[in-house]
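Asks: Under mature numbering (1 follows the signal peptide of the UniProt record, and there is no 0), read the sequence shown as residues -17 to -1, 1 to 264, first letter to last.
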Amino acid sequence: MLRQLTLLAPALGLAAAACTQALLREATERYLAVQSSGNASWLQPFLTNNATYIENGKTIAGWTSTSTLTTFSLRIDRSHSIFDLTQCAAFTDLIVTDAANPRAIGAQITVDPSSGKVSKIDRIATTTGDWLFNATGTLYYALREDWGEIPLEKRDSRAVIKAAADAYLDIFKNASVVVPWGSPCARLEGGAYTGRGLPTDTCNVGVIQSYDMPNRRYVIDETVGVVSVLLEFGSIGNAPDSHLFRVEGGKLRFIHTLTYCEKKPNCGYTIPSGAQPPTRM
């Protein structure tokens, strides 16, 4: 990947008249190069002068030398990205199973199309002690799912994709909200998975009420029917959270979540050995 970026280096420095997938893809690859090397120089020349970096809900000043993005390198086992040409933003998540430094991270990356430079990185970074964290389990189940491109004639609109995600999040506050549950539907929450590979698999397993899910930030890619929502998870103390939804035919098909627990392991919940995790959806 680093050799490819060297060859592409001039591209992101050129002014762009409009947002393109190539522009977003290179921004994403440069972000991943920083994360895999711990070297901010892959991205520094391609940041706007006032670029913002947010990690687990907190804006970090001087982040190119002080954040967890740049203070160490990670051996990335899997990364997956989506591209939103309407907002000129990308979302990428990565999984690291290295026992010495396991991670599951989701980042929204915004690009200024007029300059071709990154204006914001907003991400949720989780590790041991965060909600149901299990990097090995996360990788295993993520690799079993199909998040590939949807044929043009079967794609949902941005509005439909966003509405499906919002309905899921809104039901935590209002039980009367109609959620477009797909069948089958599987949820990967930390390293816990609800799917069993059956056509009857469901994500409709109840909710903890009544909580708001505020501060939602969206990245939507219609080509794959996916929306990333970064938010504050109300049912566990407004914890910084990433929800990623795959929507097919207007219905929820896959849901991935990452939740950062700042002060208490597993956000203060104790799960007995062999027991099911508490339902929070």
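In this text, a Cβ means the ideal position worked out from N, Cα and C, and glycines have one as well.
Please list the terminal residues of the continuous alpha helix (DSSP H) segment that includes Lys145.
Replies: As a working note, residue 145 is residue 162 in the sequence shown. Residues 141 to 153.
Asks: Are the stretch 157 to 164 and the stretch 119 to 128 touching by the rule of at least three beta carbon pairs closer than 8 Å?
Replies: Segments in contact, no.
Asks: Taking all protein chains shown into account, do 16 or more other C-beta atoms lie within 10 angstroms of the C-beta of Arg86, making it buried, or fewer, making it exposed?
Replies: Residue numbering aside, residue 86 sits at position 103 when the sequence shown is read from its first letter. Flag for Arg86 reads buried.
Asks: Roughly how many angstroms lie between the CA atoms of Asp184 and Thr31, to the nearest whole one?
Replies: Reading the sequence shown from its first residue, position 201 is the one you call residue 184. Reading the sequence shown from its first residue, position 48 is the one you call residue 31. So the two alpha carbons sit approximately 45 Å from each other.
Asks: What span of residues does the alpha helix (DSSP H) with Ser19 cover, start to end?
Replies: For the purposes of this step, residue 19 is taken as the residue at position 36 of the sequence shown. 4 to 20 is the span of the alpha helix (DSSP H), which, as asked, contains Ser19.
Asks: Going by alpha carbons, who is nearest to Asn249 out of Gly220, Asp113, Arg200?
Replies: Residue 249 sits at position 266 when you count from the first residue of the sequence shown. Out of Gly220, Asp113, Arg200, Asp113 has the C-alpha closest to the C-alpha of Asn249.
Asks: Give me the residue from Arg141, Arg236, Pro163 with the minimum Cα distance to Leu181.
Replies: Here residue 181 is taken as the residue at index 198 of the sequence shown, counted from 1. Answer by Cα proximity: Arg236.
Asks: Say whether the stretch 47 to 65 touches the stretch 17 to 37, bearing in mind that this needs 3 or more beta-carbon pairs closer than 8 Å, one atom from each stretch.
Replies: Yes, they touch.
Asks: Judging by CA-CA distance, which residue of His226, Arg200, Asn221, Arg141 is the nearest neighbour of Leu68?
Replies: Residue mapping note: residue 68 aligns to position 85 of the sequence shown, counting from 1. Taking only the C-alpha atoms, the option nearest Leu68 is Arg141.
Asks: Determine the extent of the alpha helix (DSSP H) in which Thr183 is found, giving its start and end residues.
Replies: As a working mapping, residue 183 is identified with position 200 in the sequence shown. It is not in any alpha helix (DSSP H) - Thr183 carries neither H nor E in the DSSP assignment.
Asks: Between Leu227, Arg200, Gly233, which has its C-alpha nearest Val143's C-alpha?
Replies: Counting from 1 along the sequence shown, the entry for residue 143 is found at position 160. Ranking Leu227, Arg200, Gly233 by Cα distance to Val143 puts Gly233 first.
Asks: Helix, strand or coil: how does DSSP classify Tyr123 here?
Replies: To locate residue 123, count along the sequence shown from 1; it is residue 140. Three-state result, Tyr123: helix.
Asks: With C-beta atoms as the reference, is Trp130 less than 8 Å away from Val212?
Replies: Residue mapping note: residue 130 aligns to position 147 of the sequence shown, counting from 1. Residue mapping note: residue 212 aligns to position 229 of the sequence shown, counting from 1. No.
Asks: Thinking just about the alpha-carbon of each residue, which of Ser62, Ala5, Glu205 is nearest to the one in Arg138?
Replies: On the sequence shown, position 155 is the one that residue 138 refers to. Nearest option by C-alpha distance: Glu205.
Asks: Whose CA, out of Tyr252, Pro163, Glu38, Arg58, lies closest to the CA of Ser218?
Replies: Residue 218 sits at position 235 when you count from the first residue of the sequence shown. Comparing Cα-Cα distances from Ser218 to each of Tyr252, Pro163, Glu38, Arg58, the minimum goes to Tyr252.
Asks: My assumption, with CB atoms under 8 Å, is that Ala108 sits in contact with Thr51. Please give the rounded CB distance.
Replies: For the purposes of this step, residue 108 is identified with residue 125 of the sequence shown, where counting begins at 1. For the purposes of this step, residue 51 is identified with residue 68 of the sequence shown, where counting begins at 1. Confirmed, about 6 Å.
Asks: What does Phe228 pair with, by DSSP beta-bridge criteria?
Replies: For the purposes of this step, residue 228 is identified with residue 245 of the sequence shown, where counting begins at 1. Answer by DSSP bridge pairing, in chain order: Val210, Ile238.
Asks: Round the Cβ separation of Gln18 and Phe66 to the nearest angstrom and send it over; I've been treating them as touching at under 8 Å.
Replies: Translated into positions along the sequence shown, residue 18 becomes position 35. Translated into positions along the sequence shown, residue 66 becomes position 83. Wrong, their Cβ atoms sit about 18 Å apart, outside the cutoff.
Asks: Which whole-angstrom value describes the C-beta separation of Leu15 and Ile59, a residue pair presumed to lie in contact below a C-beta threshold of 8 Å?
Replies: The count along the sequence shown starts at 1 and reaches residue 15 at position 32. The count along the sequence shown starts at 1 and reaches residue 59 at position 76. About 7 Å separates the two Cβ atoms, so the contact holds.
Asks: Shortest alpha-carbon distance to Arg179 belongs to which of Ala222, Asn117, Cys168, Asn33?
Replies: If you number the sequence shown from 1, residue 179 lands on position 196. Per the Cα distances, Cys168.
Asks: Note the first and the last residue of the continuous beta strand (DSSP E) segment covering Cys168.
Replies: Sequence index remark: in the sequence shown, residue 168 carries index 185 (1-based). Counting along the chain, the beta strand (DSSP E) containing Cys168 begins and ends at 164 to 172.
Asks: Who pairs with Gly89 in a beta bridge, going by DSSP?
Replies: Working through the sequence shown from its first residue, we reach residue 89 at position 106. According to DSSP, which records beta bridges pairwise, Gly89 is partnered with Asp76, Ile107.
Asks: Could you check if Pro(-8) is buried or exposed, using at least 16 other CB atoms within 10 Å of its CB as the buried criterion?
Replies: Looking up residue -8 in the sequence shown gives position 10. Low local confidence applies: a pLDDT of 44 at Pro(-8) is under 50, so the model's placement there is unreliable, and no value is given.
Asks: Quick check on DSSP: helix, strand or coil for Phe55?
Replies: Working through the sequence shown from its first residue, we reach residue 55 at position 72. If DSSP states are grouped into helix, strand and coil, Phe55 belongs with coil.
Asks: In angstroms, rounded to a whole number, what distance separates the CA positions of Lys247 and Ser56?
Replies: By one-based count along the sequence shown, residue 247 stands at place 264. By one-based count along the sequence shown, residue 56 stands at place 73. Approximately 25 Å between the Cα atoms of the pair.
Asks: First and last residue of the beta strand (DSSP E) that includes Thr69?
Replies: By one-based count along the sequence shown, residue 69 stands at place 86. Note, Thr69: premise wrong, no beta strand (DSSP E); not H, not E.
Asks: Starting from Ile43, follow the beta strand (DSSP E) in both directions and report where the run begins and ends.
Replies: By one-based count along the sequence shown, residue 43 stands at place 60. Counting along the chain, Ile43 falls outside any beta strand (DSSP E), and DSSP gives it neither H nor E.
Asks: What's the call for Glu132, buried or exposed, on a 16-neighbour Cβ count within 10 Å?
Replies: In the sequence shown, counting from the first residue as 1, residue 132 sits at position 149. Glu132 should be labelled exposed.
Asks: Starting from Glu38, trace the beta strand (DSSP E) both ways and give me its first and last residue.
Replies: In the sequence shown, residue 38 corresponds to position 55, counting from 1. Glu38 -> beta strand (DSSP E) spans 30 to 38.
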